[in-house]
Structure formats: structure tokens, C-alpha cells
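Asks: Residue numbers (this note's numbering): 730 to 1274. The beta carbon of each residue, even a glycine, is placed where N, CA and C say it ideally should be. All figures in this text were calculated on a predicted structure; none of them were measured in a lab.
Printed below as a string of C-alpha cells:
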């Protein structure tokens, strides 16, 4: 059931206006000892918005932001919205080349860059047509043509007057580039309505109130961290930012009596559970939720987390959603169900369909693709940068399309799963990760789960790779435990035996690679495409079949 009638704001600026008026002296954001109340945050946003205008920015322009989590990051986002510009956070780990490609793709004319990202800051200050604001020490940049000033110096000199730019619900708010390398990365476009609606959905799903006090360690260049900021400000809560993940600092933060909620990704929770002092941490009783998203949280990790760390103080919740749907999808908000992503969030239309778009009934045998519909879904991908206006040339196919028996347009997620008779969804794989061996579909996650039962497995990723005869074959990339790292031949033999015992013959990996670690992106997702590409290159050179 849609919650559209509950959207009372026209844009995200009205949300901040309300919070600054109602609770001007309350903490909005805090970072490394520096704190801004809602009144102060509002003032800094107005000032930076006027800085942007003075540099020639206008409505619908894309403004790039490349920095780690910080107050400057948050102020920059809301200042973009103040003038109707499109906040475009860029992954802080990107190289100069990757940033330059994104700048070209989105036609970014203004960049806000942290000074310590030296190569990018220098490149942007030298790039024709890009005006660059530096956060921090400017000594290395002040003589470069694109340098326009230091972040706080510019804010100090700017007026705190409202920009009076009219912003509608359907005006663009953000462009998030997906976390692959820029060449394959897509610019996901969201409007103001999408974030307003997401704020309502998250409020109803998790019972958010103005009393929320969260520690934000997820990077705000990713939608998960970005929506943490937007949804907490939506309800008038407080955010304490961390610019990097440190397990000991995070464990200590869980004892903060003010903390009410924490969002993390599976790799964070896994790392926390390896700490020697995890069982001595006294989690604050005020903590209600420990939410995990951006990938499946293994049941064993969730059980361990509840038993050894939380011990009844707050509870875990697997959530499902992504960049294209503002993290509005499903969640175990009623009760923990290890291995499940939960029920559809209130106000989110979630279905399962077959390849032809037919809605599937419940049942473990009825596996299909998850489709998502609602105002929270993106308006499309950024289009051809050579077009006069890449926004007008946005790409919607093939992921935004109808389904049979459902009204309107739906986002086809590429996630594969099923749902039970209670409406609880379970994911089995990503469609792009599904291999086809001898015309049979193979779900790599099934093989990974089976092989993880061996004590020699620390991490594993199973990937579908080309085969001249069978179409595809399976490659297992294994990170062995310390005890097995010098016995990989023996480990391979035992893993083959285990796979042959537990799985059909065509599901047994043909190739085995042993590594010291898996290649992952900044959120800990395994970059399976990298292994496919490596395999293809070896195959082309005749070094592998």
C-alpha cells in the first residue's frame, strides 16, 4: 500500500528548514570533536549554497563531492539541494582517471575535494571548466587555475541568505555512481520525492524518531551511508560520523548511552566478531537496531553477533535494498530470520517474477527475480555524456519496465530468490552471478555455502567462467585459513571430495585458485567480474581451458 499521501514536503530543503526551526539548538552532525546544531548546520548550508551560486552553479547542475565522511560532506549535500543542483558523491578511493571520467560523464562543473586526496585535487584544479573547492590545507593548490578557495574560508565570507530557488518533488537530488570502476559504473539518478518517500518508509519500518542518535561509519558516497544521513535528518535525529572503520573504536561506540541504532555491512559485522574483547563490550540498552545491508549477512555471523556481542541489548535486522531503490526493499523488522531478507517494507511494492514478467506464487521452488516499485525507485541512469543534457537522455532500459499483472513501471533488481507463505523473501543469488553449465543453471552461492563447511575455508567466491564446450564452467577462488595456507593441494583435494559428495557433478568447480584475500569493493562485496576477466585473459593466451 502506497504511503504517497503521507509526503508532506515539496523537497528536502523544507525538511531541514523545519528541523532548524523546531530544534535549532539540538545536535545535527558531529565529527572528531566538532559539532553543528540544526541551526548552525542550516546556516552553513545556506552559506555554501551561496558560494555555489557565486561560482556560477544553477539548478540541475551536477556538483561533485569527493571526501570521506565529515561535516563538510553533509553540508555539501544539503547545499546542492538548496540551489536545485544534483549532489554527486564520488567514491573516495577512486583514482584520478576514474574521477575524471565521472566528471566528464555527469558534466560536473564544481568539485568539493578533500585536500589529502592529492592527485584528484590537483587534477581537478587543473581541469578546464571545473571549479574546485578544497577541504583542508590549500598550499599545494592555491596557484592552480581551477582552485576557488578553502571550504570553510569560502563559507565564512558568504551570506546566510536563502537562495529562493524553487524545487519540486520531481527535481533531481542526487547521482550515485555504482561501485564498479567508472568505465562500467552507472550514474543512478534520484529525485527529491524518492528521498522524502524513503524517509517515511524507514520511519515506519524501524520506528525512527527525533531521539535517534546514530554512529555513521558507512561511507556517504554509497547510498547506504547517504540514506542514513537523509533519513535521520528527516526525523530530526543526530548523527555522529566516523571517517573510517576501526573495529575497536566501533565496539567502544556501542557502549555510548546515547546511541540508538547502527547500520553496517556484513564485512563490518564479521570483523567485529573477530575481536578478542567482543564479549566484554557492554552494548547500551538504548540501542534498538543493528541493521545489516548491502549484501547477505551469513546466519552464523548473525547468530554469533546476537549471542556474543548484543546479548539481548538491541537486535539484528537483515535489510535489503540498493542504490537504485534508496535502500527501500525488505527487512526482518518483525523478528530475526537468519538467512532471509524479510518482508517488504511498508509502502514498498515488492514482487517475484519469472523471465517473462509473470508474478510467481510463494514456495521455495518458485525462484524468480525481485522487482520493486514505488516513488523510492530511481528515475533512471545518467545518459550519454555527449548529449546536450545527459539527464534528458537518461537510460531506463532494461531495468525499469512493466510486469504482467502489476501496474506501472518496476525496477528489475537482478536479485534472484523466493518467498514463503508468510511473505518473507529469501535471496539465492544475483542473476548476473548465475552460471549456466551444460544448459543447467547453477547458483554459486549454493556451492559457496556447501564448501564453507570445510575448516580450511576462510573466504570463498565461486564464479562462472567461459568453457568452449559447456558454455560455462565454475571457478572457486579460495582464501585458506592459517592452518591450511601451506597445504593448498591437500585442501583442493578435500574440497573437491566435499563438493562431489554434496553437490551434483555439474556443480563441482573445475578450477581452483588460492589467494591471500578476495578482491572486494569499498563495501566488502566480492568483485567476481575481476576474476572472470582474469580467467578470460588466461584463456585467450592459451594458458587455461
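Count the other CB atoms, across all protein chains shown, that sit within 10 Å of the CB of residue 1173; report buried if there are 16 or more and exposed otherwise.
Replies: Walking along the chain shown from the start, residue 1173 turns up at place 444. Label assigned to residue 1173: buried.
Asks: Taking residue 997 as the reference, give the member of 871, 1020 and 1185 with the closest Cα.
Replies: Position 268 of the chain shown, counted from the first residue, corresponds to residue 997. For the residues 871, 1020 and 1185, the minimum Cα distance to residue 997 belongs to 1020.
Asks: For residue 978, which three-state DSSP category applies?
Replies: Here residue 978 refers to the residue found at position 249 when the chain shown is read from its first residue. Collapsing the DSSP output to three states places residue 978 in a helix.
Asks: Mapping the DSSP letters down to three states, classify residue 1158 as helix, strand or coil.
Replies: To locate residue 1158, count along the chain shown from 1; it is residue 429. Correct three-state label for residue 1158: strand.
Asks: Name the one or two DSSP bridge partners that residue 1133 has.
Replies: Numbered from 1 along the chain shown, position 404 holds the residue referred to as residue 1133. 1087.
Asks: Which one or two residues does DSSP pair with residue 1101 in a beta bridge?
Replies: Counting from one through the chain shown, the residue named residue 1101 turns up at place 372. DSSP lists 1079 and 1140 as partners of residue 1101.
Asks: Between residue 865 and residue 1224, what straight-line distance do the alpha-carbon atoms span, to the nearest angstrom?
Replies: One-based indexing of the chain shown puts residue 865 at position 136. One-based indexing of the chain shown puts residue 1224 at position 495. Their Cα atoms are separated by approximately 51 angstroms.
Asks: To the nearest angstrom, how far is it from the Cα of residue 930 to the Cα of residue 1076?
Replies: Position 201 of the chain shown, counting from 1, holds the residue named residue 930. Position 347 of the chain shown, counting from 1, holds the residue named residue 1076. The alpha-carbon atoms of residue 930 and residue 1076 are separated by roughly 6 angstroms.
Asks: Reducing DSSP to helix, strand and coil, say where residue 1268 ends up.
Replies: Here residue 1268 corresponds to residue number 539 of the chain shown, with the count starting at 1. It is helical.
Asks: Using a Cβ-Cβ cut-off of 8 angstroms (strictly less than) and excluding sequence neighbours within five positions of residue 1152, which residues of its own chain qualify?
Replies: Here the question's residue 1152 lines up with position 423 in the chain shown. Excluding sequence positions up to five before and after residue 1152, its CB lies within less than 8 angstroms of the CB of 1072, 1073 and 1091, all in the same chain and listed in chain order.
Asks: My guess is that residue 1007 and residue 980 are in contact by the Cβ rule of under 8 angstroms, so how many angstroms apart are they, rounded?
Replies: On the chain shown, position 278 is the one that residue 1007 refers to. On the chain shown, position 251 is the one that residue 980 refers to. Rounded to whole angstroms, the Cβ separation of residue 1007 and residue 980 is 7 angstroms, and the two are in contact under 8 angstroms.
Asks: According to DSSP, simplified to helix, strand and coil, what is residue 1148?
Replies: On the chain shown, residue 1148 is found 419 positions in, with the first residue counted as 1. Strand at residue 1148.
Asks: What does a CB cutoff of less than 6 angstroms around residue 987 pick up in its chain, not counting 5 residues either side in sequence?
Replies: Taking the chain shown and counting its residues from 1, one reaches residue 987 at position 258. Cβ within range, chain order: 942.
Asks: Does residue 911 come out as helix, strand or coil in the three-state DSSP assignment?
Replies: The residue you call residue 911 lines up with position 182 of the chain shown. Here residue 911 scores only 33 on pLDDT, less than 50, and its place in the model should not be relied on; the value that follows carries that caveat. Coil at residue 911, not helix or strand.
Asks: For residue 840, count neighbouring Cβ atoms within 10 angstroms of its own Cβ and tell me buried if that reaches 16, exposed if not.
Replies: Within the chain shown, the letter at position 111 stands for residue 840. By the 10 Å Cβ count, residue 840 comes out buried.
Asks: One question on the structure: do residue 803 and residue 958 come within less than 7 angstroms of each other, judged by their Cβ atoms?
Replies: Here residue 803 refers to the residue found at position 74 when the chain shown is read from its first residue. Here residue 958 refers to the residue found at position 229 when the chain shown is read from its first residue. Going by C-beta atoms, residue 803 is nearer than 7 angstroms to residue 958.
Asks: From this set, 1119, 812, 1057 and 798, which residue's C-alpha is nearest residue 1106's C-alpha?
Replies: For the purposes of this step, residue 1106 is taken as residue 377 along the chain shown, with counting starting at 1. Checked all of 1119, 812, 1057 and 798; the closest Cα to residue 1106 is 1057.
Asks: If you draw a straight line from the alpha carbon of residue 883 to that of residue 769, how long is it in whole angstroms?
Replies: If you number the chain shown from 1, residue 883 lands on position 154. If you number the chain shown from 1, residue 769 lands on position 40. The straight-line gap from Cα to Cα measures roughly 16 angstroms.
Asks: Could you tell me the distance, in whole angstroms, from the CA atom of residue 1051 to the CA atom of residue 736?
Replies: The residue given as residue 1051 occupies position 322 in the chain shown. The residue given as residue 736 occupies position 7 in the chain shown. Cα-Cα distance, rounded: 21 angstroms.
Asks: State the Cα-Cα distance for the pair residue 961 and residue 764, rounded to the nearest angstrom.
Replies: For this step, residue 961 is matched to residue 232 along the chain shown. For this step, residue 764 is matched to residue 35 along the chain shown. About 16 angstroms.
Asks: Would you call residue 967 buried or exposed, if buried means 16 or more other Cβ atoms sit within 10 Å of its Cβ?
Replies: The count along the chain shown starts at 1 and reaches residue 967 at position 238. Flag for residue 967 reads buried.
Asks: Between which residues of its own chain and residue 1231 is the CB-CB distance below 6 angstroms, once the five residues before and five after are set aside?
Replies: Looking up residue 1231 in the chain shown gives position 502. These residues qualify, in order along the chain: 1179.
Asks: With a 10 Å radius around its C-beta and 16 neighbouring C-beta atoms as the bar for buried, classify residue 885 as buried or exposed.
Replies: One-based indexing of the chain shown puts residue 885 at position 156. Flag for residue 885 reads exposed.
Asks: Just to confirm the assignment, what range does the beta strand (DSSP E) spanning residue 1200 have?
Replies: Stepping through the chain shown from its first residue, residue 1200 is reached at position 471. Note, residue 1200: beta strand (DSSP E), 1200-1209.
Asks: For residue 784, name the three-state secondary structure that DSSP assigns.
Replies: On the chain shown, residue 784 is found 55 positions in, with the first residue counted as 1. It is coil, neither helix nor strand.
Asks: I'd like the list of long-range same chain contacts for residue 814, defined as Cβ closer than 6 angstroms, with 5 residues on each side in sequence excluded.
Replies: For this step, residue 814 is matched to residue 85 along the chain shown. Around residue 814: 786, 790 and 792.
Asks: Alpha carbon to alpha carbon, what distance is there between residue 1208 and residue 1188?
Replies: Position 459 of the chain shown holds residue 1188. Position 479 of the chain shown holds residue 1208. Answer to the nearest angstrom: the Cα atoms are 5 angstroms apart.
Asks: Please state the DSSP three-state secondary structure of residue 1068.
Replies: Position 339 of the chain shown, counted from the first residue, corresponds to residue 1068. Looking at residue 1068 - three-state DSSP - the assignment turns out to be coil, as it is neither helix nor strand.
Asks: Taking DSSP as the reference, what is the three-state secondary structure of residue 1000?
Replies: Here residue 1000 refers to the residue found at position 271 of the chain shown. The answer is helix: DSSP assigns residue 1000 an H, G or I state.
Asks: Alpha carbon to alpha carbon, how far is residue 1156 from residue 912? Give it in angstroms, no decimals.
Replies: Working through the chain shown from its first residue, we reach residue 912 at position 183. Working through the chain shown from its first residue, we reach residue 1156 at position 427. Note that residue 912 scores 40 on pLDDT, short of 50, meaning its location in the model is unreliable; the coordinates nonetheless yield the value given after this. Straight-line Cα distance between these residues: approximately 28 angstroms.
Asks: Identify, in the order they occur along the chain, each residue of the same chain with its Cβ nearer than 6 angstroms to the Cβ of residue 1185, setting aside the five sequence neighbours on each side.
Replies: Translated into positions along the chain shown, residue 1185 becomes position 456. These residues qualify, in order along the chain: 1209, 1210, 1213 and 1220.
Asks: Do you know offhand how far residue 1234's Cα is from residue 1167's?
Replies: Here residue 1234 refers to the residue found at position 505 of the chain shown. Here residue 1167 refers to the residue found at position 438 of the chain shown. Each residue's Cα considered, the two are about 11 angstroms apart.
Asks: Distance, Cα to Cα, residue 950 vs residue 822?
Replies: What you label residue 950 is simply residue 221 of the chain shown in a count that begins at 1. What you label residue 822 is simply residue 93 of the chain shown in a count that begins at 1. One C-alpha to the other measures close to 10 angstroms.
Asks: I'd like the list of long-range same chain contacts for residue 1037, defined as Cβ closer than 6 angstroms, with 5 residues on each side in sequence excluded.
Replies: As a working note, residue 1037 is residue 308 in the chain shown. These residues qualify, in order along the chain: 1007 and 1008.
Asks: Considering residue 1170, what are the terminal residues of the beta strand (DSSP E) in which it resides?
Replies: To locate residue 1170, count along the chain shown from 1; it is residue 441. Segment 1169-1171, the beta strand (DSSP E) holding residue 1170.
Asks: Report the option in 1140, 1136 and 1119 whose CA atom is closest to the CA atom of residue 1127.
Replies: By one-based count along the chain shown, residue 1127 stands at place 398. If we check each option's Cα against that of residue 1127, 1140 comes out closest.
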